[in-house]
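Participant: Take a look at the following structure, please.
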Amino acid sequence: MEVTLRIFRYNPENGKKPHYEEYKVTAEPTDRVLDLLEYIKGNFDGTLSFRRSCAHGICGSDAMRINGHNRLACKLLVKDLHGGKITIEPILGLRVIKDLIVDMEPFFENYRSVLPYLINDEPAPKKERLQSSEERERFDDTTKCILCACCTTSCPSFWVNEQYVGPAAIVTAHRFIFDSRDRGAAERLKILSGQFGVYRCHTIFNCTEACPREIEVTQAIGEVKKAIATGDLG
Ligand code: SF4
Ligand code: F3S
Ligand code: FES
1 MEVTLRIFRY NPENGKKPHY EEYKVTAEPT DRVLDLLEYI KGNFDGTLSF RRSCAHGICG
61 SDAMRINGHN RLACKLLVKD LHGGKITIEP ILGLRVIKDL IVDMEPFFEN YRSVLPYLIN
121 DEPAPKKERL QSSEERERFD DTTKCILCAC CTTSCPSFWV NEQYVGPAAI VTAHRFIFDS
181 RDRGAAERLK ILSGQFGVYR CHTIFNCTEA CPREIEVTQA IGEVKKAIAT GDLG
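For reference, each letter of the sequence shown is one residue, going 1 to 234 in my numbering.
Structure follows, in structure tokens:
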């Protein structure tokens, strides 16, 4: 099938304003959007810039706005876009460095702010810190995050203020707050009850719609809000 890709282009070094360029390619319905971008880069314009690494939905590096929705280019098939025209833009709310590449540093700064690691200063047991399967299940969903930023950069609260820690950072905090082996929940909940924490979330649900790992992002945020309100980590 014939597909027209309309791609956002911006190169701060060539003096041109941000604009869109169109490319016509022949595609199989089972081609991924990433395949088409690679084809354009290889055959039409080698300067087209985008991030990718694993090409299999694992590394989280190729998040982009495809027909108005945040998606991983390596997971989205042409046939699922229902039409011959595909608009591709950088994810919103972060500074564009070049074409589809944005500055991820504010995103990772927010991630680091919620202490994204296991905290436990108690003496280590001889073998391991045991956990029942029920305790492990409590935070299973949020372990699936690949830090792609699809959620945070689809959130209107983040667009308004990039200091809002955003859904991805809260999902990461959730993963540790509800881990029975962790002892840092109180510290994280204090951070997340602050000015740029969970109360910037107005339950808009864009984050859940955008997550390529199908994590119940809004639900996780709700559980963190509840833990702050009640002190209950159950
Ligand atoms: Fe990506 Fe989902 Fe993690 Fe957000 S929660 S960063 S959308 S994997
Ligand atoms: Fe934003 Fe998701 Fe909350 S879109 S407002 S973080 S439910
Ligand atoms: Fe790694 Fe798409 S290239 S998730």
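In this text, a Cβ means the ideal position worked out from N, Cα and C, and glycines have one as well.
(1) Pro18 and Arg9: beta carbons closer than 9 angstroms?
(2) Compute every distance between the C-beta of Thr208 and the non-hydrogen atoms of ligand 2, then say whether any falls below 8 angstroms.
(3) At what residues does the beta strand (DSSP E) containing Val25 begin and finish?
(4) Where does Leu118 fall in DSSP's three states?
(5) Can you look up Thr218 in the DSSP assignment and give me helix, strand or coil?
(6) Kindly indicate which residue of Ala186, Tyr20, Gly15, His82 has the alpha-carbon position closest to the one of Thr30.
(7) Please look up how many angstroms separate the CB atoms of Tyr23 and Phe44, rounded, as I've assumed it's under 8 angstroms.
(8) CA-CA distance, Thr142 and Arg200?
(9) In the DSSP assignment, the beta strand (DSSP E) including Ala63 goes from what residue to what residue?
(10) Name, in chain order, the residues that DSSP records as bridge partners for His69.
(11) How would you label Met1, buried or exposed, when you count the other beta carbons within 10 angstroms and need 16 or more for buried?
(12) First and last residue of the beta strand (DSSP E) that includes Phe8?
(13) By how many angstroms is the C-alpha of Lys126 removed from the C-alpha of His202?
(14) Relative to the C-alpha of Gln163, which candidate in Thr87, Val114, Ala220, Arg51 has its C-alpha closest?
(15) Could you please give the first and the last residue of the uninterrupted alpha helix (DSSP H) stretch that includes Glu134?
(16) To the nearest angstrom, how far is it from the Cα of Gly15 to the Cα of Glu134?
(17) Smallest Cα separation from Ala173: which of Gly46, Pro156, Phe158, Leu192?
(18) What ranges does the beta strand (DSSP E) occupy inside the stretch 69–111, keeping only unbroken runs of at least 3 residues that lie completely in it?
(19) Measuring from the CB of Thr172, is there a heavy atom of ligand 2 at a distance below 8 angstroms?
(20) Tell me whether Pro212, by its Cβ, gets closer than 8 angstroms to a heavy atom of ligand 1.
(21) If you draw a straight line from the C-alpha of Asn70 to the C-alpha of Ala168, how long is it?
Facilitator: Reading it off the structure:
(1) The residue given as residue 18 occupies position 18 in the sequence shown. The residue given as residue 9 occupies position 9 in the sequence shown. The answer is yes: Cβ separation under 9 angstroms.
(2) As a first step, residue 208 is located in the sequence shown; it is residue number 208 there, counting from the start. Indeed, a heavy atom of ligand 2 lies less than 8 angstroms from the Cβ.
(3) Position 25 of the sequence shown, counted from the first residue, corresponds to residue 25. Where Val25 is concerned, the enclosing beta strand (DSSP E) stretches over 19–26.
(4) Indexing the sequence shown from 1 puts residue 118 at position 118. Reduced to three states, the DSSP call for Leu118 is coil.
(5) For this step, residue 218 is matched to residue 218 along the sequence shown. It is helical.
(6) As a working mapping, residue 30 is identified with position 30 in the sequence shown. Of the candidates Ala186, Tyr20, Gly15, His82, the one whose C-alpha sits nearest the C-alpha of Thr30 is His82.
(7) Residue mapping note: residue 23 aligns to position 23 of the sequence shown, counting from 1. Residue mapping note: residue 44 aligns to position 44 of the sequence shown, counting from 1. That belief holds up - the Cβ atoms of Tyr23 and Phe44 are roughly 6 angstroms apart, short of 8 angstroms.
(8) Here the question's residue 142 lines up with position 142 in the sequence shown. Here the question's residue 200 lines up with position 200 in the sequence shown. About 20 angstroms.
(9) For the purposes of this step, residue 63 is taken as the residue at position 63 of the sequence shown. Here the beta strand (DSSP E) through Ala63 covers 63–66.
(10) For the purposes of this step, residue 69 is taken as residue 69 along the sequence shown, with counting starting at 1. His69 pairs with Ile66.
(11) In the sequence shown, residue 1 corresponds to position 1, counting from 1. By the neighbour-count rule (16 or more Cβ atoms within 10 Å), Met1 is not buried but exposed.
(12) If you number the sequence shown from 1, residue 8 lands on position 8. 2–9 is the extent of the beta strand (DSSP E) around Phe8.
(13) Translated into positions along the sequence shown, residue 202 becomes position 202. Translated into positions along the sequence shown, residue 126 becomes position 126. Taking the straight line joining both Cα atoms gives about 45 angstroms.
(14) Along the sequence shown, one-based indexing puts residue 163 at 163. The residue with the shortest Cα to Cα distance from Gln163 is Val114.
(15) Reading the sequence shown from its first residue, position 134 is the one you call residue 134. It spans 133–137 - the alpha helix (DSSP H) in which Glu134 sits, taken as one unbroken run.
(16) As a first step, residue 15 is located in the sequence shown; it is residue number 15 there, counting from the start. As a first step, residue 134 is located in the sequence shown; it is residue number 134 there, counting from the start. Computed Cα separation, rounded: 57 angstroms.
(17) Sequence index remark: in the sequence shown, residue 173 carries index 173 (1-based). Taking only the C-alpha atoms, the option nearest Ala173 is Leu192.
(18) 69–72, 85–89, 96–98
(19) What you label residue 172 is simply residue 172 of the sequence shown in a count that begins at 1. Answer for Thr172: no, Cβ out of range of ligand 2.
(20) In the sequence shown, residue 212 corresponds to position 212, counting from 1. Yes, ligand 1 has a heavy atom inside 8 angstroms of this Cβ.
(21) Here the question's residue 70 lines up with position 70 in the sequence shown. Here the question's residue 168 lines up with position 168 in the sequence shown. Between Asn70 and Ala168, the C-alpha separation is close to 14 angstroms.
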